[in-house]
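Each residue of the sequence shown is one higher than the one before, starting from 3 at the first, in the numbering used here.
From the three backbone atoms N, C-alpha and C, an ideal C-beta is built for every residue, glycine too.
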Amino acid sequence: MLDKLTGNVFYMPAEERTDRPVLGVVCGKNRSFIIDSGNSPAHARQFIKKISTCRVPPPRFLGLTHWHWDHTFGMSAWDIPVIAQEETRIGLEKIKDYDWDDEALNKRVEQGLEIEFCAEMIKKEFAWDRSQIRIELPEMIFPDRVTVDLGGRTCRLESVGGDHDPGSTVIFIPEDKVLFLGDCLAPDLYAPEWYYSVERFLPLLEKLKCFGAEIFLPGHGNPLEARVFNRELEEWEEIARAVEKMGEDKEGVVAVAKEKLCRELSSEEEEMVEFFMNGLARREN
Ligand SMILES: [Zn+2]
Numbered sequence: 003m004l005d006k007l008t009g010n011v012f013y014m015p016a017e018e019r020t021d022r023p024v025l026g027v028v029c030g031k032n033r034s035f036i037i038d039s040g041n042s043p044a045h046a047r048q049f050i051k052k053i054s055t056c057r058v059p060p061p062r063f064l065g066l067t068h069w070h071w072d073h074t075f076g077m078s079a080w081d082i083p084v085i086a087q088e089e090t091r092i093g094l095e096k097i098k099d100y101d102w103d104d105e106a107l108n109k110r111v112e113q114g115l116e117i118e119f120c121a122e123m124i125k126k127e128f129a130w131d132r133s134q135i136r137i138e139l140p141e142m143i144f145p146d147r148v149t150v151d152l153g154g155r156t157c158r159l160e161s162v163g164g165d166h167d168p169g170s171t172v173i174f175i176p177e178d179k180v181l182f183l184g185d186c187l188a189p190d191l192y193a194p195e196w197y198y199s200v201e202r203f204l205p206l207l208e209k210l211k212c213f214g215a216e217i218f219l220p221g222h223g224n225p226l227e228a229r230v231f232n233r234e235l236e237e238w239e240e241i242a243r244a245v246e247k248m249g250e251d252k253e254g255v256v257a258v259a260k261e262k263l264c265r266e267l268s269s270e271e272e273e274m275v276e277f278f279m280n281g282l283a284r285r286e287n
């Protein structure tokens, strides 16, 4: 069975063990739309099997939220056109001819081209045979936004940027008011020290608010109602504003944020402040 968001939008939850992200399916009258390909052909096939046991119209398109391995390495298992933002294609083109054996992966980690966490997860997900990793390039490319009509239901793919990846794309289903977020709210992980920047974080929050969604689904989390998600966005905005005001004075940032939120910061929020500090330190260099 698939997990249900609305009568026409379903998903398969993320799995932490090998960093498998959420996969989604949006059903129109005669065709459906797949959100993200899975982190391996095995992950994709697991989803395809689930879909085949439900009353879901045949998948006709696949949309990518960004190029990172966990969202794209399942592409070769899907026999349908893939739609992606320009930067996603560029990201995939860069890694297309990489080798994925231990030696090559370890070397790229040393060179700072690969994240240690991702290398470990790739080794775990493809424990037996990494020669099956085949990176394909998307067939349809859009610069900012594109709408796919599924018959009685549409998917709006929109590039929202942010620190995690410049090509981060969210997928909105206006008829159901569901927003698939991908990883757009995560920090930039492809840096020696993970970071957020106020310049990219605040505009991203503004864009996410504008959809008027009622259900939000992060790429590695559980669905959130608007009431909960919007409050989280407001709290994150307060933290970013505190960074904007106090700059590299970390204790000052924490003090301002605590005052605005009228409470102590959670460990995740303290980590967020740390990531903003890393972002400021990068700017200095
Ligand atoms: Zn990612």
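Ligand 1 heavy atom lying under 7 Å from the CB of residue i
i: D185; result: yes
i: D165; result: no
i: H45; result: no
Continuous beta strand (DSSP E) stretch holding residue i: start and end
i: A86; result: 84-87
i: V180; result: 180-184
i: S42; result: No beta strand (DSSP E) holds S42; DSSP gives it neither H nor E.
i: P61; result: 61-65
i: C157; result: 156-161
i: V58; result: No beta strand (DSSP E) contains V58, which DSSP labels as neither H nor E.
i: T20; result: Counting along the chain, T20 falls outside any beta strand (DSSP E), and DSSP gives it neither H nor E.
Beta-carbon proximity check, residue i vs residue j, cutoff 8 Å
i: L235; j: K211; result: yes
i: I53; j: M142; result: no
i: S199; j: E127; result: no
i: G140; j: D165; result: Contrary to the premise, residue 140 reads as Pro rather than Gly in this sequence. Taking 8 Å as the Cβ cut-off, P140 and D165 do not qualify as a contacting pair.
i: W80; j: A44; result: no
i: S39; j: M14; result: no
i: I175; j: T67; result: no
i: Y197; j: N280; result: yes
i: G65; j: L159; result: yes
i: V162; j: T171; result: yes
i: G221; j: V24; result: yes
Beta-bridge pairing of residue i - partner residues as DSSP gives them
i: P220; result: G184
i: K6; result: F12
i: D167; result: For D167, which the question treats as bridged, DSSP gives no partner whatsoever.
i: V27; result: F12, I36
i: F213; result: Answer by DSSP bridge pairing: none, since F213 is not bridged.
i: R147; result: E160
i: D190; result: Y197
i: F174; result: R158, L181
i: M142; result: I85
Alpha helix (DSSP H) segment containing residue i, residue limits
i: I135; result: No alpha helix (DSSP H) contains I135, which DSSP labels as neither H nor E.
i: F128; result: First-last for F128: undefined, no H or E at that position.
i: S269; result: 269-286
i: E237; result: 228-248
i: R288; result: Since the first and last residues shown for the chain are 3 and 287, residue 288 lies out of range.
i: K262; result: 252-263
i: D81; result: First-last for D81: undefined, no H or E at that position.
i: D72; result: 71-74
- Task: Taking 8 Å as the threshold, find out whether the segment 42-56 comes into contact with the segment 251-263 through three or more Cβ pairs.
- Result: no
- Message: Using 8 Å as the cut-off, can you tell me whether the segment 190-207 makes contact with the segment 31-42, which would need three or more C-beta pairs spanning the two stretches below that distance?
- Response: no
- Query: Between the segment 100-109 and the segment 165-183, do three or more beta carbon pairs fall short of 8 Å?
  - Reply: no
- Query: Is there contact between the segment 159-173 and the segment 239-249, where contact requires at least three CB pairs shorter than 8 Å?
  - Reply: no
- Do the segment 142-152 and the segment 92-99 touch if we need at least three Cβ pairs shorter than 8 Å? no
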